[in-house]
Amino acid sequence: MLSFLKKKNQEETVKELKACISGRVIPITEVKDQVFSSRALGDGIAIEPEGNIITAPGDGVISVVMEDTRHAVGMTLNNGAEILIHEGLDTVEMNGEGFELFVKAGEKVKAGDRLLKFDADLILERGFEKTCVLVLTNTDEFPDVTFHTGMLGEQNQTVVVSF
1 MLSFLKKKNQ EETVKELKAC ISGRVIPITE VKDQVFSSRA LGDGIAIEPE
51 GNIITAPGDG VISVVMEDTR HAVGMTLNNG AEILIHEGLD TVEMNGEGFE
101 LFVKAGEKVK AGDRLLKFDA DLILERGFEK TCVLVLTNTD EFPDVTFHTG
151 MLGEQNQTVV VSF
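Positions 1 to 163 (the UniProt record's numbering) are the ones given, in order, by the sequence shown.
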């Protein structure tokens with residue numbers, strides 16, 4: 001079939017993820033939390049954020065939101081990848097204070113859609129790290145995945161994961 005006859009609303013398979021927030025992109029192994037740095041939840045990247053709004057790194061469906069604590073969002077991308085975006089280290093202890101969710105479980109999102117907002121100053125004031133972690137929780141299903149680190153990432157622009 002000729003490509004111009006394809007449906008315009010047909011979803012393209014996600015081949016890359018863009019930075020969900022601007023900042024320095026580091027390997028997950030450098031995160032100051034052993035749950036993440038040991039890759040116990042999966043492989044990924046982390047970003048030392050410069051902003052305070054986290055956006056969807058790719059197209060997919062919100063699979064889970066931490067409604068009480070509002071510090072983390074899970075997504076299932078349209079390529080089958082399952083990701084966890086976690087704002088801050090040990091910020092679950094803030095019980096949602098300083099966090100605002102923009103999405104609900106089951107909601108479809110596009111790359112660049114707002115997921116959550118956080119108060120970076122409050123996180124630091126409470127003695128926590130504001131590192132944003134992006135984990136591919138089903139890493140085993142993507143043997144050719146590449147994580148791009150060691151650079152300054154620009155939100156919605158810089159590729160941080162390639163499938």
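Note that CB positions come from ideal geometry on N, CA and C, so glycine has one too.
As the crow flies, the alpha-carbon of residue 157 is around 6 Å from that of residue 18. Assignment of residue 75 by DSSP, reduced to helix, strand and coil, places it in the strand class. In this structure, the beta-carbon distance from residue 101 to residue 33 does not fall below 8 Å. At least 8 Å separates the beta-carbon of residue 50 from that of residue 71.
With contacts defined as CB atoms closer than 8 Å, residue 131 and residue 48 qualify as a contacting pair. Secondary-structure assignment with DSSP links residue 162 through a beta bridge to 16, 146.
Measuring C-alpha to C-alpha distances from residue 94 to each of 154, 125, 82 identifies 125 as the nearest.
For the set 77, 134, 15, 21, the Cα lying nearest the Cα of residue 117 is the one of 21. Cβ contact annotation for residue 80 (same chain, cutoff 8 Å, sequence separation greater than five): 138, 141, in chain order. Note that the C-beta distance between residue 28 and residue 40 is not below 8 Å. In the DSSP annotation of this structure, residue 102 is not part of any alpha helix (DSSP H), being labelled neither H nor E.
For residue 36, the enclosing alpha helix (DSSP H) has its first and last residue at 34 to 37. In this model, residue 31 and residue 84 are separated by some 15 Å (Cα to Cα).
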